[in-house]
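Novice: First the structure, then my questions, so here it is.
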Amino acid sequence: MNWVNKSVPQEFILLGFTDQPWLEIPLFVMFLFSYILTIFGNLTIILVLHLDFKLHTPMYFFLSNLSLLDLCYTTSTVPQMLVNICNTRKVISYGGCVAQLFIFLALGSTECLLLAIMSFDRFVAICRPLHYSIVMHQRLCLQLAAASWISGFSNSVLQSTWTLKMPLCGHKEVDHFFCEVPALLKLSCVETTANEAELFFISVLFLLIPVTLVLISYAFIVQAVLRIQSAEGRRKAFGTCGSHLIVVSLFYGTAISMYLQPPSPRSKDRGKMVSLFYGIIAPMLNPLIYTLRNKEVKEAFKRNIQMISFLTNFSASCPIFVITIENYCNLSQRKFP
């Protein structure tokens, strides 16, 4: 039993792309730029949807949930990644790794369900327009949103517990940018077949089933739209659904390739880049996709531009944020030579 007691390290080393140091500066710039855009974009959407009463509808209620989720999603990983990229010792404490694993997994699972719920909302709006206000009433919307959050966090409790119970036997080099289930399972010094089977089963529940429901919903939506006589009506219907389809393709496509594809030694670096895409790039693109392709949101921006002017001050303070990060990194390098 002694090996079990010694299996939990005090800290983990996040390798990332340490074998390719020339990538550190481009990655730092990309992560920082993406994080700033993610914060600014999602905070702006949340504020505009809250202030504009014309957008107090089920569709935008779920969109505000998605923006809040993406905001927390990236914050759970990117700040630590920025510090580690410019630090000679790329470490994270055991407690920090546990928190990162739990939050990232919980929010990722929640987003899987929330995107499926948003497709159901579009299905009712287009295929059952006369019954939309009756079906998608406020209580049901709250229940659906709550169910997605509760299910996501419940899944995270189970998967995090099963993953952290695996003995590591002193192994602490995580071949990733952050603490994620597949990367941590590779550290275990015992057979992980059961854990991998469990991870695959959970991934089917939270990825394949929701994306199947999304595809079914949009099959009915396409049929309904094609029956619309007005070309303007068809364009508007496809426009409201197009943004959601792009977001679904970005998120589900990369997540499925990460969690449901058999592992192989050649896919090591590919897996890192894929996880960065659905963990960082997709949350950054979501606000841009919904605002640039949505006329109602753009009009709401114009109506509430004065109320959200303080967010412009945030973007103006970004150089200070960059300098602060750089100074912290320099201090970290001096502290850990």
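The sequence shown maps to residues 70 to 406 in my numbering. Note that the Cβ used here is the ideal one computed from N, Cα and C, for glycine as well.
Along the chain, where does the beta strand (DSSP E) containing residue 161 start, and where does it finish?
Specialist: 160-162
Novice: Near residue 79, which residues of its chain fall below 8 angstroms by C-beta distance, leaving aside the five closest residues on each side in sequence?
Specialist: 162 and 163
Novice: Hey, would you say residue 117 sits closer than 8 angstroms to residue 316, going by beta carbons?
Specialist: no
Novice: Are the CB atoms of residue 136 and residue 356 nearer to each other than 8 angstroms?
Specialist: yes
Novice: Nearest CA to the CA of residue 351: which residue from 130, 86 and 322?
Specialist: 322
Novice: Taking the beta strand (DSSP E) that residue 81 belongs to, which residues open and close that run?
Specialist: Looking at the DSSP string, the run of the beta strand (DSSP E) that includes residue 81 is 80-83.
Novice: Note down, one range per segment and in chain order, each alpha helix (DSSP H) of at least 4 residues found wholly within the segment 266-308.
Specialist: Runs of the alpha helix (DSSP H) inside the segment 266-308: 278-295.
Novice: Please classify residue 211 as buried or exposed, where buried requires at least 16 other C-beta atoms within 10 Å of its C-beta.
Specialist: Classification for residue 211: exposed.
Novice: Within its chain, find whatever has a CB closer than 6 angstroms to the CB of residue 414; leave out the 5 residues flanking it on each side and keep chain order.
Specialist: The structure shown does not extend to residue 414, since the chain spans only 70 to 406, so no value can be given for it.
Novice: Using only the alpha-carbon positions, how far apart do residue 152 and residue 289 sit?
Specialist: 47 angstroms
Novice: By alpha-carbon positions, which one of 259, 192, 169 and 272 ends up nearest to residue 127?
Specialist: 192
Novice: For residue 245 and residue 176, what's the separation of their Cα atoms in angstroms?
Specialist: C-alpha separation (whole angstroms): 19 angstroms.
Novice: What does the Cβ neighbour count give for residue 320, buried or exposed, with the cut at 16 atoms within 10 Å?
Specialist: buried
Novice: Around the Cβ of residue 200, are there at least 16 other Cβ atoms within 10 angstroms (buried) or fewer (exposed)?
Specialist: exposed
Novice: Have a look at the DSSP bridge pairing and note the partners of residue 242.
Specialist: Note: residue 242 sits in a beta bridge opposite 82.
Novice: What do you reckon, are the CB atoms on residue 171 and residue 146 nearer than 8 angstroms?
Specialist: no
Novice: Out of 108, 168, 109 and 198, point me to the one whose CA is closest to residue 297's CA.
Specialist: 198
Novice: At which residue ranges does the segment 101-175 contain complete alpha helix (DSSP H) runs of 4 or more residues, listed in the order of the chain?
Specialist: Look at the segment 101-175 and you find these whole runs of alpha helix (DSSP H), each 4 residues long or longer: 127-144 and 147-154.
Novice: Go through its chain and collect everything with a Cβ distance to residue 182's Cβ below 8 angstroms, but skip five positions before and after it.
Specialist: 216, 217, 220, 221, 275 and 279
Novice: I'd like to know whether the C-beta atoms of residue 250 and residue 268 end up nearer to each other than 8 angstroms.
Specialist: yes
Novice: Shortest alpha-carbon distance to residue 206 belongs to which of 232, 125, 157 and 159?
Specialist: Closest option to residue 206, judged by alpha-carbon separation, among 232, 125, 157 and 159: 125.
Novice: Is it right to say residue 122 is buried, meaning 16 or more other beta carbons lie within 10 angstroms of its own, or is it exposed?
Specialist: The C-beta of residue 122 has fewer than 16 other C-beta atoms within 10 Å across all chains shown, which makes the residue exposed.
Novice: Would you report the Cα separation of residue 254 and residue 195, rounded to the nearest angstrom?
Specialist: For the pair residue 254 and residue 195, the Cα-to-Cα distance works out to about 44 angstroms.
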